[in-house]
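Per full-length UniProt numbering, the sequence shown starts with residue 1, numbered consecutively.
Quick reminder that beta carbons are idealized off the backbone N, C-alpha and C, glycines included.
Taking it in order: structure first as structure tokens, then the write-up.
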Amino acid sequence: EHNPMLGWRGIRRDLRSPEQFRMQVEAFKRLWAAGYNNFGVMFPLVNQPSEFIQARAMMKEWGVDVEKATLGVMIEVPSSAILIEGFIEAGIDFASFGTNDLVQYTLAIDRNNEHVAEMYDPEHPAVLHLIDHAIQVCREHGVECSICGQAGSDPDMVAWLVEHGITSVSANIDAVPRIREAVARKERQILLDAARRNA
């Protein structure tokens, strides 16, 4: 493909290659049948709720109890952040931000391109606006919302996310101690601020 990052991958490939998608679903079914139920299935590169609805229907057709399975979406394109309420209405159990791609797609910047890499900014106001919008809608509907990608290993970004209501954070293994500290510090601050307001 000329531009694979904008091409045939993620959920769009699975929906058009049902035999490939079904192989993945069969692997999940084996895990569920063996008693493993502590995982969720996340659909990547979704653009609109209809893709989630179609994927969920295919899983149901192949014998998955979609009412019991934990199904969610990766928010890595602006449209999925903007349309998050539609995804919730479609039945997602969780959403996770793929910040690496969300930044690239929002700002039209290839972080691997040396000519524009310095413009790659996870804290760009437009990116933060999309993330905040999706978090608030998820919170209003009781849907878990997490983050992965490089942003989850940045203490300042994680502090902002905690302040805005993120449910959980995924960090690189070497960043876990400082991220744990950043989360604890921000949570203490939130509790102290709340106590002062109620005093």
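Among the options, nearest to residue i - alpha-carbon criterion
| i | options | result |
| --- | --- | --- |
| ILE131 | PHE52, ILE190 and PHE97 | PHE97 |
| LEU102 | GLU114, HIS115 and ILE82 | ILE82 |
| GLN150 | LEU15, ILE135 and ILE179 | ILE179 |
| PRO177 | GLU163, VAL158 and LEU191 | VAL158 |
| THR167 | CYS145, PHE39, ALA199 and ALA134 | CYS145 |
| VAL66 | THR99, TRP32 and ALA95 | TRP32 |
| VAL64 | GLU187, PRO122 and GLY40 | GLY40 |
Residues near residue i in its chain [Cβ-Cβ closer than 7 Å; skip 5 each side]
| i | result |
| --- | --- |
| MET58 | PRO18 and PHE21 |
| HIS164 | ASP132 and ILE135 |
Beta-carbon proximity list for residue i, same chain, < 6 Å, skipping 5 on both sides
| i | result |
| --- | --- |
| SER153 | ALA171, ASN172 and ALA175 |
| VAL183 | VAL162 |
| ILE88 | HIS141 and VAL143 |
Identity of the residues DSSP links to residue i by a beta bridge
| i | result |
| --- | --- |
| LEU45 | According to DSSP, which records beta bridges pairwise, LEU45 is partnered with nothing at all. |
Buried versus exposed, by CB contacts within 10 Å (16 or more), residue i
| i | result |
| --- | --- |
| TYR105 | buried |
| ASP156 | exposed |
| LEU191 | exposed |
| ASN45 | Residue 45 is actually Leu in this sequence, not Asn. So LEU45 ends up on the buried side. |
| GLU76 | buried |
| TRP8 | exposed |
Own chain, CB closer than 8 Å to residue i, minus 5 neighbours either side, in chain order
| i | result |
| --- | --- |
| PHE43 | GLY10, ILE11, ASP14, GLU51, PHE52, ALA55, LEU71, GLY72, VAL73 and MET74 |
| ALA117 | ILE109, ASP110 and ARG111 |
| ILE92 | PHE52, LEU71, GLY72, VAL73 and VAL143 |
Secondary structure, alpha helix (DSSP H): runs of 4+ residues fully inside the segment 130-170: 155-164
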